[in-house]
Amino acid sequence: MGWPFLTWQQYVADVAGEIEEDTGTYYYSTVVITVQRQAGKTTLDAAAGIQNAMLGKNRRVWYTAQTGQHASAKWREMVDDFFLQSPIGCLGNPSYSNGAQSLRFLTGSTLSPHPPTEDSLHSKQSDRNTIDEYWAFDALQAQHLRGAIVPTTTTRRKLTGHRPQLWIMSTEGTGESEALNELLKSLRAHVPDRVAFFDWGIPHDVQIPDADEPEEVGKFLDTCYHYHPGAGRLFEREDMDGFLADLGLPEFTRAYGNRRTGAVSRVIPEADWLRAGTADPAPPDLPMCLGAAVGKDGTDSTITATWALPDGRKLTEVIKHAIGTSWVLDDLEVLSQTFDAHAVIDSAGPSADLYEKAVKSEHIKLIDMTIKQYTGACSAVYSGIVHLDKDGAKLPPTWLHRPHQALNDAADTAAKRSTGDGAWAWGRRASTGSISAIEAATLSSFGVDNLPEKIGMQLF
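The end of the sequence shown is residue 671 by my numbering, with every number in the run present.
Shown next as C-alpha cells:
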C-alpha cells in the first residue's frame, strides 16, 4: 500500500492470513482483535480488506461499526485517506451515494459499509466481514448481527476457493458491553481451533490510581504508554497527558490501557454544574434553536431550547422531558411553528426514527450535524461548564442552564466515550442512567451556533 505496517499490525496480518497447506485457503475463519485506541486498527483492517477483495473477481468485503453513520464515516476514511493515497489507488473507483457506498475494484470486487442491523445484508454475499467497535453492542444486537452475516458466507468457499473470514475488532468496553465481555471471557479461557485471538493492553494486575494522586497517575501513564503498540510511532508520551485531560481517568483507562471500566465516575464536576445554573429566563427576540433526543432503549425523551446571549454565552432550558417517544414529534412541530425555530436531532442511535419522521415533517426545519460536529459540540458544552484559562484557573461558565431535574440527573450520570483521535462524545451505554436531557442540550447548543443566515427583503 506504500508504507510499512507497525510491528503489531504485521504480526496480525501474518497470522490472520495464514494459508492451510492442504486446501490452499485461509486457515482462520474468525479473527478477534482487542487493542487500544490510536493503535492503527483502521489502517490494518483497510489493508486486510483491500487485499481480500483483490484475491479474485467479484469478491464481497463488508464493514460495519456501532451505527451505520459510524460505518460510513470509517469507510470514507479507508477510501479517501488510505486507498486513494496509495500507489494502487488507480485500481478502484469509489461511489459515495447514500445507501450505495462502495469501493469497486477493476476485478468487480467491492468493499462496502453497512449498518449493524439484522436485515442490512439480506440477499447479499460476503467473503470478508468486519464488525468494529464490538464493545458498543449488547448481546441481542450482536446475536442478530452475526446471525445476519453467517448466511452470506455459506456458499462462498466453494464458489471462490477461499474460506470467508469474520474480523471482530474493538477496544475494551464497560460493564454494559455484553457481547464483547462474553466473547473475551470465552476466548481468554479457551481459543477454538479456527479462531485467531489478539489481546493487547496493560497487564491485568496493574492498579488504577486515584485521580487526585498526580505522581501515581504519572506512573500509570508511563505504563499505558509502554504497553501501547502505537507508542513512539503514532504519538509520543507527552500526548498521553492531553488524552487524560480530555477523557478523564476511567475512560482513558479503557481507551488507552484497554482495560474494561465498571462504575463510571462523574464527568461533569458537581460544583461546576451548580455554578452554571441560573434562574434567569432568556431575554426575548434572541437567536434560539431546539434540540430533541431519545434516551437509550427509548425509555424517555427530552426537548431543549438554547439561546445565544448578547455577551457570547449560551442559555439552555429543558422545554419538556417525559417517558417514551410517541409525544416528541407532535410537540416539536408545535414548538417549531410557535417560535419559528430550527431543530437538531441525532440521525443515529435511539433518535434515528425521530429524525426520519422529522425530515418528512413540513413543520420542522432541521439543521444537520456530522459525527465530528457532534463530538465538537460535546466538548464545547463541557468546556463552557468547566471553563478554565490557559493556566487551568476557573473562569465563570459560558454555558448556562436553567435547573431541571432531568438535566441535573443527566449531568450527574453522563459518561464520555472515545470516538478516536482524542475526540469524545456523551456515552449512553457507559452512563448509569438516561442522558437524553444533556444530549438534547448539546444538540440545541450546536444548532444555535449554526443557524442559517436570515435573508431580509431584497428590493430590485
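Beta carbons: idealized from backbone N, C-alpha and C, even for Gly.
Asked                                                                                                                 : Found
Element boundaries [alpha helix (DSSP H), containing A634]                                                            : That residue, A634, is in no alpha helix (DSSP H); its beta strand (DSSP E) goes 634 to 638.
Proximity below 8 Å, CB of N392 to CB of G319                                                                         : no
C-alpha distance - H415 paired with G310, whole-angstrom precision                                                    : 42 Å
Contact belief for A636 with T581 at Cβ below 8 Å, rounded distance in angstroms                                      : Between T581 and A636 the Cβ distance is about 12 Å, and since that is not below 8 Å, they are no contact.
Opposing strand residues paired with L314 [DSSP bridges]                                                              : P305, L322
Cβ neighbours of F316 in the same chain (closer than 7 Å, five flanking residues each side left out)                  : A264, M265, L302, G303
Supposed close pair I596, D483 - CB separation, criterion 8 Å                                                         : 5 Å
Backbone secondary structure at F550 - three-state DSSP                                                               : helix
Three-state class that DSSP yields for Q584 in the structure shown                                                    : helix
Helix, strand or coil at K571 according to DSSP, with G and I counted as helix                                        : helix
Same chain, Cβ closer than 6 Å to P614, five either side skipped, listed in chain order                               : G488
CB of L322 within 8 Å of CB of L332, strictly                                                                         : no
Neighbourhood of T218 by C-beta distance below 8 Å, restricted to the same chain and skipping five residues each side : P440
Selected residue, minimal CA-CA separation from A617, among E229, T527, K369                                          : T527
Sub-8 Å separation of F293 and T254 beta-carbons                                                                      : yes
4 or more residues per run - each alpha helix (DSSP H) lying fully within the segment 344 to 425                      : 350 to 364, 367 to 371, 389 to 400
Segment limits, alpha helix (DSSP H) that includes S283                                                               : 279 to 287
DSSP three-state assignment for N340, whether helix, strand or coil                                                   : strand
Rounded straight-line distance, which links the Cα of R639 to that of T472                                            : 14 Å
Three-way DSSP call (helix, strand, coil) for G468 in this model                                                      : helix
Short Cβ contact (8 Å threshold) for I358 with E329                                                                   : In the sequence under discussion, the amino acid at residue 358 is Gly, which differs from the Ile named in the question. Against a cut-off of 8 Å, the Cβ pair of E329 and G358 comes out as a contact.
Spatial distance of F671 from G535 (CA atoms)                                                                         : With a pLDDT of 48 at F671, under the threshold of 50, the predicted position of this residue should be treated as unreliable, though the coordinate-derived value follows. Taking the straight line from one Cα to the other gives about 51 Å.
K525, enclosing beta strand (DSSP E) - first and last residue                                                         : 525 to 534
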